[in-house]
Structure formats: C-alpha cells, structure tokens
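Beneath this line is the structure, given in structure tokens, with notes to follow.
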Amino acid sequence: MPVQIPVDVSGPLTYHEMLKERQKLLPASPCIGHVNLQMDSFLASVNADELRAVCRQLLATSDKATQNVFTNVARTRMLRQSKKPLPSRESLFKNAHTNDPLPTQVVYDTLARARSIFGVGLGFESLHILLFLIRSTSGLRWELDSKMEDALIVLDADLAQAIQSCKEQVASKVATNQPLDLEAYRHQLKELKTAMEDIRKETDAWGGEFPYEKGLISINGWRL
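For our numbering, add 248 to where a residue sits in the sequence shown, where the first one is 1.
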C-alpha cells in the first residue's frame with residue numbers, strides 16, 4: 249500500500265502549491281548506495297566508448313575525494329579479476345607448431361585483463377597473468393612483421409607499464425604506512441625476469457628477435 253504524504257489543506261491550494269508542500273516532506277537526497285532507475289538504464293544500455301568518455305570527464309572534473317572513491321571501487325573489482333583462473337595455453341595460439349603461430353582473441357582478452365588490473369595501481373596482482381603469457385610463448389617461433397610479433401610487441405609494452413605500476417604501488421604503500429611483502433614482490437619479479445631470459449636464450453638459438461626488451465630493461469633497472 250503506497251505511503252500517503254500529508255498535506256495541509258486548511259485552505260484552497262493550487263496544483264503547484266500542493267507540489268511544493270509535498271516536496272518539503274520528501275528526502276533531500278536519495279539513499280547512499282542506490283542507483284537511480286533511469287541512470288541504471290543508461291549504464292545498462294550505453295556503449296563502452298561513451299561510458300569511458302563519461303568516466304574520463306567525471307575524473308577530470310571531480311575533486312580528489314571523488315577520484316579516490318572511484319579508484320578504490322575499481323581496485324576492489326579488479327582484485328577479484330586478478331584471482332580468476334587463467335585460460336589454457338592451448339587456447340592462446342593457432343598453428344602453434346609452425347613458424348607462423350597466430351594469437352587468438354584469448355591473448356588480447358588476457359592482455360586487457362592484466363592491463364585493467366595494473367591500470368588501477370595493482371601492478372603486482374597483474375604479474376602472474378603476464379608471466380603466464382610469457383611462458384606460453386616458450387617453444388614458439390614466428391616471422392618478422394607477423395601478427396604474432398605484433399602481439400608480442402603489445403605484451404612487451406604492457407610488461408614495462410606493469411613494472412611502473414609496481415613501483416608506484418610500493419611507493420604508495422610506503423607513503424601511507426601500509427604493510428609491504430617485499431620478499432613476495434622480489435620473488436614475483438625474479439620469476440618474471442627468469443622467464444624473459446629463458447625466452448631470450450630460445451630466440452637466440454633459432455635466430456629470432458628477443459621480444460621482451462622493454463620489460464627486461466624495466467626489471468633490470470629497478471632494485472627493490
């Protein structure tokens with residue numbers, strides 16, 4: 249049964265006066281945690297590019313507190329993403345046993361997943377995904393100017409960005425007196441470096457071009 253909002257009717261009221269009286273009795277703002285129905289329709293229907301534009305404009309014009317809330321919500325969501333299972337290696341490449349392996353959409357989706365995680369400041373939480381992709385290229389050979397080489401160039405750039413995110417993550421924790429598991433961080437970096445060096449040995453053996461130069465330089469240039 250709908251709740252009745254009382255209105256003083258001691259004298260004749262016009263329609264607009266009645267609306268004003270009712271408005272005085274309504275809450276000044278909606279409850280926290282509730283998404284307006286029309287806004288929810290927008291979020292469910294808008295395409296990804298438009299939503300990105302809205303988010304960028306929101307962050308560019310908001311105060312620091314709003315930016316921090318957005319970042320914290322994003323990190324909570326991406327932390328869940330980081331714990332989801334990885335795809336099978338078999339799903340990553342077609343023609344894996346030839347000199348022309350082809351990266352599948354799974355490769356690009358996995359790269360996007362890692363990028364979204366280190367992009368919100370969770371660099372170390374993204375490293376196991378990138379490590380998985382590096383190890384998955386072991387045993388493969390590829391031609392210059394191929395789709396495989398293009399995918400590895402993207403992976404290498406993401407490696408460098410992920411290491412930068414790790415540096416900022418450590419600096420942020422130090423600045424805010426948060427606990428640091430340096431031993432675990434160093435272990436992750438060592439695993440990543442070893443995997444890239446193993447691929448260097450393989451590519452040198454078959455005359456290929458080492459694909460992870462930027463990533464390896466980023467790790468070698470950082471003493472944690």
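Using N, Cα and C, we set each Cβ at its ideal position, and we do this for glycine too. Keep in mind it's a predicted model, so treat the numbers as computed, not measured.
Own chain partners of residue i with C-beta closer than 8 Å, once the 5 adjacent residues on each side are dropped
i, result
"isoleucine 377", "Ser330, Leu334, Thr358, Arg361, Ala362 and Ile365"
"proline 459", "Thr385, Glu397, Leu400, Ile401, Leu403, Asp404, Ile447 and Thr451"
"valine 302", "Val294"
DSSP-derived helix/strand/coil call for residue i
i, result
"lysine 438", "helix"
"leucine 350", "strand"
"lysine 331", "coil"
"phenylalanine 458", "coil"
"arginine 383", "helix"
"aspartate 297", "helix"
"arginine 323", "helix"
"aspartate 393", "coil"
"leucine 472", "coil"
"glutamine 426", "coil"
"aspartate 446", "helix"
"serine 374", "helix"
"asparagine 316", "helix"
"leucine 388", "coil"
"glycine 369", "coil"
"aspartate 311", "coil"
Whether residue i touches residue j by CB criterion (9 Å)
i, j, result
"lysine 441", "leucine 472", "no"
"leucine 437", "isoleucine 467", "yes"
"cysteine 414", "leucine 381", "no"
"glutamate 457", "leucine 392", "yes"
"glutamine 417", "leucine 370", "yes"
"leucine 306", "threonine 314", "yes"
heavy atom of the ligand NAP below 8 Å from residue i C-beta
i, result
"leucine 392", "Among the components of this structure there are no ligands whatsoever, and the ligand NAP is therefore not found."
Nearest-angstrom Cα separation, counted from residue j out to residue i
i, j, result
"glutamate 373", "aspartate 311", "27 Å"
"valine 294", "glycine 387", "43 Å"
"lysine 462", "arginine 323", "26 Å"
"valine 354", "tryptophan 390", "18 Å"
"isoleucine 411", "threonine 319", "19 Å"
"tyrosine 433", "glycine 469", "15 Å"
"histidine 435", "proline 349", "31 Å"
"proline 351", "glutamate 338", "11 Å"
"glutamine 286", "glutamate 445", "53 Å"
"alanine 308", "asparagine 347", "46 Å"
"asparagine 425", "lysine 395", "45 Å"
"glutamate 298", "arginine 304", "10 Å"
"lysine 421", "valine 321", "18 Å"
"aspartate 288", "asparagine 316", "22 Å"
"asparagine 284", "arginine 300", "20 Å"
"leucine 430", "glutamate 439", "14 Å"
"leucine 356", "lysine 342", "The question names leucine, but residue 356 in the sequence shown is tyrosine. Going from the Cα of tyrosine 356 to the Cα of lysine 342 covers about 14 Å."
"serine 336", "lysine 449", "24 Å"
"alanine 423", "alanine 296", "34 Å"
"proline 292", "alanine 419", "One detail in the question is off: residue 292 reads as alanine in this sequence, not proline. Straight-line Cα distance between these residues: approximately 37 Å."
Cβ shell of residue i (< 6 Å), same chain only, five flanking positions each side left out
i, result
"arginine 383", "Ala443"
"phenylalanine 290", "none"
Cβ neighbours of residue i in the same chain (closer than 7 Å, five flanking residues each side left out)
i, result
"alanine 344", "Leu388"
"tryptophan 454", "Arg389"
"proline 406", "According to the sequence provided, residue 406 is aspartate. The question's proline does not apply to it. For aspartate 406, where only same-chain residues beyond five positions count, the Cβ hits under 7 Å are Leu359, Ala362, Arg363 and Leu378."
"glutamine 210", "Nothing in the structure corresponds to residue 210, since the chain is present only between 249 and 472."
Beta bridge counterpart(s) of residue i as assigned by DSSP
i, result
"lysine 342", "Leu350"
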